[in-house]
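**Student:** Protein chains in written order, with our numbering: chain A, 812 to 926; chain B, 21 to 132.
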Amino acid sequence: DTEVTQTPKHLVMGMTNKKSLKCEQHMGHRAMYWYKQKAKKPPELMFVYSYEKLSINESVPSRFSPECPNSSLLNLHLHALQPEDSALYLCASSQDQGAPNYGYTFGSGTRLTVV
Amino acid sequence: GNSVTQMEGPVTLSEEAFLTINCTYTATGYPSLFWYVQYPGEGLQLLLKATKADDKGSNKGFEATYRKETTSFHLEKGSVQVSDSAVYFCALRKGGFQKLVFGTGTRLLVSP
């Protein structure tokens, strides 16, 4: 298995809703990442988990809450989002956070619309 | 800090034309360099990589050579197809737990 699987593919939520994005990989990767991508822009790093512990939070607002239940799963819990949070949310994984020779494997993303 | 600069797009070509997308980087030491491709409505896919100077990464007819002297990693393909239409991101990564740094992306449009 060489994929990162993200669910759902599309999500529409109201500003008072609570929802979660899910990401799963079975490649034995020990680093997992959440990125946010706005239209016509490169992905922006949000969070990094290394060996199931949060190692980087890029000053992301608290309405985004990551969780890594085990080495294969990564969740992003969403609460009280704003319309400007509408974007493509990408999950990625890599062999190890500290190994530069390895690229990241990205999922197909969840396209989130906040209404 | 580390950064990646890509040529502005869109790059518009006819099928079977030669493609070059320029990428230069700023980093100390010897970062690993990557090209990612993003097809419409999809996530990013790793296209090729090079981990040391003079390495050539290649995949699906695309090539890029790690040039330390010019700090460049230009993407080339001898004959593009309509199916190559996508956004291409150049990226670098250093060791020491540093994150993947992306360029701004270059959109390629190939017409029949």
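Positions of the beta carbon are idealized from the N, C-alpha and C atoms, including for glycine.
#1: Could you tell me whether the Cβ of B:G77 comes closer than 8 Å to any Cβ of chain A?
#2: Whole angstroms is fine: what's the gap from B:P30's alpha carbon to A:P854's?
#3: I'd like to know whether the C-beta of B:G81 is nearer than 8 Å to at least one C-beta of chain A.
#4: Tell me which residue opens and which closes the beta strand (DSSP E) that B:T32 is part of.
#5: Skipping 5 residues on each side, what residues in its chain have a beta carbon closer than 7 Å to that of B:L66?
#6: Between the C-alpha atoms of A:T818 and A:C834, what's the straight-line distance to the nearest angstrom?
#7: Under 9 Å between beta-carbons, which chain A residues line up against B:K119? List them in chain order, please.
#8: Kindly list the residues whose CB is nearer than 7 Å to the CB of B:K72, restricted to its own chain and excluding five residues on each side of it in sequence; keep chain order.
#9: For a contact defined as C-beta to C-beta under 7 Å, what are the partners of B:G125 on chain A?
#10: So what does DSSP say about B:V102, is it helix, strand or coil?
#11: Shorter than 8 Å from the beta carbon of B:G21 to some beta carbon of chain A?
#12: Roughly how many angstroms lie between the CA atoms of A:T827 and B:T46, to the nearest whole one?
#13: Going by Cα to Cα distance, which pick from B:V100, B:G63 and B:T25 is closest to A:Y915?
#14: A:S876 touches chain B at which residues, Cβ-Cβ below 9 Å?
#15: Nearest chain A C-beta to B:E62 closer than 8 Å, yes or no?
#16: Output yes or no for whether 8 Å exceeds the beta carbon distance between A:N886 and A:E878.
**Tutor:** Here's the rundown:
#1: no
#2: 18 Å
#3: no
#4: V31 to S34
#5: F54 and Y56
#6: 7 Å
#7: Y844, L856, V859, I867, E869 and Q908
#8: Y50 and Y86
#9: P853
#10: helix
#11: no
#12: 43 Å
#13: B:G63
#14: Under the 9 Å cutoff, chain B gives no residues; its nearest Cβ is about 20 Å from A:S876.
#15: yes
#16: yes
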